[in-house]
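Student:
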Amino acid sequence: MKQLARRLCSRVADSSSATAAASASSPPAQAEKRRGVDAVPEGHVPVHVVGEVPDGGEEAERFLVRAELLGRPALAELLGRAAQEYGYGHRGPLRIPCTPAAFRRALASIDG
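The numbering of the sequence shown is full-length UniProt numbering, which starts it at 1 and goes up by one.
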């Protein structure tokens with residue numbers, strides 16, 4: 001788990017040059033656009049949360065999370081699920097298999 005968090009933090013540090021601050025618990029409704037690509041503030045990780053809803057469909061939402069929060073127990077558990085579901089070799093943004101509502105509750109428990 002720590003290895004995954006370290007890889008994510010280094011990936012964010014390498015690929016992010018934006019300096020705007022963002023809240024860890026609020027999804028970016030309209031992320032800043034720079035040269036046609038979503039800008040990710042320094043020290044943050046884009047997280048795509050995708051989960052099944054009772055009607056059989058999927059609900060998805062994008063969050064920007066401070067990288068330092070990824071090691072907290074509430075998010076570490078979700079990262080473990082992501083590793084089981086998608087493996088460590090998954091390319092692209094971090095994707096977590098849970099509903100956006102459950103992810104918001106996990107973030108709230110950290111802020112709490």
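The beta carbon of each residue, even a glycine, is placed where N, CA and C say it ideally should be.
Keep in mind that this is a model prediction, so the values were computed, not measured.
(1) Alpha carbon to alpha carbon, how far is Phe63 from Ala82? Give it in angstroms, no decimals.
(2) Taking its Cβ as the centre, do 16 or more other Cβ atoms sit within 10 Å of Arg105, making it buried, or is it exposed?
(3) So the candidates are Ala60, Arg72 and Pro93; which of them puts its Cα closest to the Cα of Val49?
(4) Tell me which same chain residues have a C-beta within less than 7 Å of the C-beta of Pro97, skipping the five on either side of it?
(5) Would you list, in sequence order, the uninterrupted beta strand (DSSP E) runs of no fewer than 3 residues that lie entirely inside the segment 78-105?
(6) So, helix, strand or coil for Glu68, using DSSP?
(7) Roughly how many angstroms lie between the CA atoms of Gly57 and Pro73, to the nearest whole one?
(8) With DSSP as the reference, identify every bridge partner of Val50, one or two as the case may be.
(9) By the 10 Å Cβ neighbour count, where 16 or more other Cβ atoms means buried, how is Val53 classified, buried or exposed?
(10) Alpha carbon to alpha carbon, what distance is there between His90 and Ile110?
Tutor: To lay it out plainly:
(1) 15 Å
(2) Answer is exposed; the Cβ neighbour count stays below 16.
(3) Ala60
(4) Val50, Gly51, Arg81, Ala82 and Glu85
(5) 94-96
(6) helix
(7) 28 Å
(8) Ala60
(9) With fewer than 16 other Cβ atoms within 10 Å, it is exposed.
(10) 26 Å
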